[in-house]
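Novice: Can you read through this structure? Questions will come right after.
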DNA sequence: TTGACTGCAAACGATTTGCAATTGC
DNA sequence: GCAATTGCAAATCGTTTGCAGTCAA
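Residue numbers (this note's numbering), protein chains in the order written: chain A, 16 to 165; chain B, 16 to 165.
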């Protein structure tokens, strides 16, 4: 279900990120690459605050508002997505292959899963009257094994 | 896609609400019934603030914090649900039949739709290793007809 | 060099809280 | 009458913003 990137995949994705930034007219700053790299390294949908804490050891001077600003900028350029939870803090992830979310109601941890069968399935007919569809994501709520006890 | 309640359905649902409150040991206050009634009357997933504005004509003294507190209380008792959007303000709805959400990226309006085919479908096998599933909801992002232009 | 980006501090908006008065049971 | 609930005001939390200095191109 989870998918840690290999060293090569990480390098390659970082290269693509740099290219995408340049194409978008965004400057490739140390802060931006580090933020993106950490999103890839620990793809557990961290909040801006958590991400900031993770960045401090390698970038002691980075400020929380830069993290916020960068995530917002990258989101606007489709490189990062802000995910929908019922919590107060927003959570972020690097954009990649279509996937869905399992959210534990207790620990609030978000885990990705794939469900190709759904991705292929067409929405009900009457939805097409509503408008133009961009994405569909399944959000599953429950209690994870860890929280359930054993 | 949308489903306004008939007068009888509204009455009946309100009765069930009162019963559920009593069963949960919650006092049936005027504020609580009005909040719940308005969620049923205009099932457009209002934010606490919008709901508060709607309540003011009939309950001029109701405060915004009571609306927040009540929604949180009712949510804890499973009578209301807080829905997941990528916005800063939370949105709420009365709990009822399983349904899914269409969210317009421009106007942020949330519309319900049914998709029984999905409700029946089992999740991928490996998800069962994750834990106990409570609910699954599809969140569809796109641009509604109204915003798209014609 | 120069405009985009950053860090700082202060502002902001959404939501929560402590407390005294009020109300349902 | 008593505990739960409310309204008020103030506090809190997450996030955004103005500004002056800094850095990638």
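Where is the CB? At the ideal position from N, CA and C, for every residue including glycine. Note that the structure is a prediction, hence the values are computed from the model and not measured.
#1: Could you give the distance in angstroms between the alpha-carbon of residue 122 (chain A) and the alpha-carbon of residue 59 (chain B)?
#2: Against residue 97 (chain B), what residues of chain A qualify as contacts under a CB-to-CB distance less than 7 Å, listed in chain order?
#3: What residues in the segment 139-155 of chain A bring their beta carbon closer than 8 Å to a beta carbon of chain B?
#4: Where residue 39 (chain B) and residue 32 (chain B) are concerned, what is the direct C-alpha to C-alpha distance, given to the nearest angstrom?
#5: Please name the residues in the segment 67-84 of chain A whose beta-carbon is closer than 8 Å to at least one beta-carbon of chain B, in chain order.
#6: What residues from the segment 104-136 of chain B come within 8 Å of chain A, judged by C-beta to C-beta, listed N to C?
#7: Please list the terminal residues of the continuous alpha helix (DSSP H) segment that includes residue 54 (chain A).
#8: So residue 63 (chain A) contacts chain B; which residues on that side make the cut at Cβ distance below 9 Å?
#9: In its own chain, which residues sit with a C-beta less than 7 Å from the C-beta of residue 102 (chain A), not counting the 5 before and 5 after it?
#10: Does the distance from the C-beta atom of residue 120 (chain B) to that of residue 134 (chain A) stay below 8 Å?
#11: Does DSSP put residue 81 (chain B) in a helix, a strand or coil?
#12: Quick one: does residue 164 (chain B) have its CB under 8 Å from some CB of chain A?
#13: Within the continuous beta strand (DSSP E) that includes residue 110 (chain B), where are the two ends?
#14: In the DSSP assignment, find the unbroken alpha helix (DSSP H) run with residue 100 (chain B) in it and report its ends.
#15: Where residue 153 (chain A) and residue 139 (chain A) are concerned, what is the direct C-alpha to C-alpha distance, given to the nearest angstrom?
#16: Extract the residue ranges of the beta strand (DSSP E) inside the segment 121-154 of chain B, only unbroken runs of 3 or more that lie entirely within it.
#17: Going by C-alpha to C-alpha distance, which of A:92, A:89, A:94, A:117 sits closest to residue 100 (chain A)?
#18: For residue 72 (chain B), count neighbouring Cβ atoms within 10 angstroms of its own Cβ and tell me buried if that reaches 16, exposed if not.
#19: Using beta carbons (cut-off 8 Å, strictly below), is residue 93 (chain B) in contact with chain A?
#20: Could you name the residues of the same chain whose beta carbon sits closer than 6 Å to that of residue 47 (chain B), not counting the 5 residues immediately before and after it, in chain order?
#21: Taking just the CA atoms, how far does residue 158 (chain A) sit from residue 112 (chain B)?
#22: If you measure between the beta carbons of residue 74 (chain B) and residue 49 (chain B), is that distance less than 8 Å?
#23: Which stretch, first to last residue, makes up the alpha helix (DSSP H) that contains residue 28 (chain B)?
#24: Can you grab the Cα-Cα spacing for the pair residue 22 (chain B) / residue 56 (chain B), in whole Å?
#25: Tell me where the alpha helix (DSSP H) around residue 71 (chain B) begins and ends.
#26: Taking the DSSP output, what are the residues bridged to residue 118 (chain A)?
#27: Rounded to whole angstroms, what's the CA-CA distance from residue 64 (chain B) to residue 79 (chain B)? Just pull it up for me.
#28: Just the chain A side, please: which residues come within less than 7 Å of residue 88 (chain B) by C-beta, in chain order?
Specialist: In terms of the structure at hand:
#1: Here residue 122 (chain A) is taken as the residue at index 107 of the first chain, counted from 1. Here residue 59 (chain B) is taken as the residue at index 44 of the second chain, counted from 1. About 29 Å.
#2: Taking the second chain and counting its residues from 1, one reaches residue 97 (chain B) at position 82. The contact set of residue 97 (chain B) on chain A, defined by CB atoms closer than 7 Å, consists of 101 in chain order.
#3: If the cut-off is 8 Å between Cβ atoms, the segment 139-155 of chain A has 139, 141, 142, 144, 145, 146, 147, 148, 149, 150, 151, 152, 153, 154, 155 near chain B.
#4: Taking the first residue of the second chain as position 1, residue 39 (chain B) is located at position 24. Taking the first residue of the second chain as position 1, residue 32 (chain B) is located at position 17. Cα-Cα distance, rounded: 10 Å.
#5: Of all residues in the segment 67-84 of chain A, none has a Cβ within less than 8 Å of some Cβ in chain B.
#6: Those residues of the segment 104-136 of chain B that come within reach of chain A (Cβ to Cβ, closer than 8 Å) are 105, 117, 119, 120, 126, 128, 129, 130, 132, 133, 136.
#7: Working through the first chain from its first residue, we reach residue 54 (chain A) at position 39. That run of the alpha helix (DSSP H) goes 45-56.
#8: Here residue 63 (chain A) refers to the residue found at position 48 when the first chain is read from its first residue. Neighbours of residue 63 (chain A) in chain B, taken as residues at a C-beta separation under 9 Å, are lacking, since the least C-beta distance is about 13 Å.
#9: Taking the first residue of the first chain as position 1, residue 102 (chain A) is located at position 87. Within the same chain, 123 come within 7 Å of residue 102 (chain A) by CB-CB distance, once the 5 residues on both sides are set aside.
#10: Taking the second chain and counting its residues from 1, one reaches residue 120 (chain B) at position 105. Taking the first chain and counting its residues from 1, one reaches residue 134 (chain A) at position 119. Going by C-beta atoms, residue 120 (chain B) is not nearer than 8 Å to residue 134 (chain A).
#11: Position 66 of the second chain, counting from 1, holds the residue named residue 81 (chain B). Helix, per DSSP.
#12: The residue labelled residue 164 (chain B) in the question sits at position 149 within the second chain. Not an interface residue.
#13: Sequence index remark: in the second chain, residue 110 (chain B) carries index 95 (1-based). Careful: residue 110 (chain B) lies outside any beta strand (DSSP E) and carries neither H nor E.
#14: Translated into positions along the second chain, residue 100 (chain B) becomes position 85. No alpha helix (DSSP H) holds residue 100 (chain B); DSSP gives it neither H nor E.
#15: Numbered from its first residue, the first chain carries residue 153 (chain A) at position 138. Numbered from its first residue, the first chain carries residue 139 (chain A) at position 124. Distance from the CA of residue 153 (chain A) to the CA of residue 139 (chain A), rounded to the nearest whole angstrom, comes to 15 Å.
#16: Correct list: 125-128.
#17: For the purposes of this step, residue 100 (chain A) is taken as residue 85 along the first chain, with counting starting at 1. Considering only alpha carbons, the answer is A:117.
#18: Locating residue 72 (chain B) in the second chain gives position 57, counting from the first residue. Residue 72 (chain B) should be labelled exposed.
#19: The residue you call residue 93 (chain B) lines up with position 78 of the second chain. Closer than 8 Å: no.
#20: Residue 47 (chain B) sits at position 32 when you count from the first residue of the second chain. Close CB contacts of residue 47 (chain B) within its chain, under the 6 Å cut and outside five residues either way in sequence, are with 85 (chain order).
#21: If you number the second chain from 1, residue 112 (chain B) lands on position 97. If you number the first chain from 1, residue 158 (chain A) lands on position 143. Using only the alpha carbons, I get a separation of about 21 Å.
#22: Within the second chain, numbered from 1, the residue matching residue 74 (chain B) stands at position 59. Within the second chain, numbered from 1, the residue matching residue 49 (chain B) stands at position 34. Against a cut-off of 8 Å, the Cβ pair of residue 49 (chain B) and residue 74 (chain B) comes out as a contact.
#23: Numbered from its first residue, the second chain carries residue 28 (chain B) at position 13. Where residue 28 (chain B) is concerned, the enclosing alpha helix (DSSP H) stretches over 22-39.
#24: Numbered from its first residue, the second chain carries residue 22 (chain B) at position 7. Numbered from its first residue, the second chain carries residue 56 (chain B) at position 41. Approximately 10 Å between the Cα atoms of the pair.
#25: Working through the second chain from its first residue, we reach residue 71 (chain B) at position 56. According to the DSSP assignment, residue 71 (chain B) belongs to no alpha helix (DSSP H), since it is labelled neither H nor E.
#26: The sequence position of residue 118 (chain A) within the first chain is 103, counting from 1. Paired residues: A:125, A:156.
#27: By 1-based counting over the second chain, the position of residue 64 (chain B) is 49. By 1-based counting over the second chain, the position of residue 79 (chain B) is 64. Between the alpha carbons of residue 64 (chain B) and residue 79 (chain B) lies a distance of about 7 Å.
#28: Residue 88 (chain B) sits at position 73 when you count from the first residue of the second chain. In chain order: nothing, as chain A lies at least about 15 Å away.
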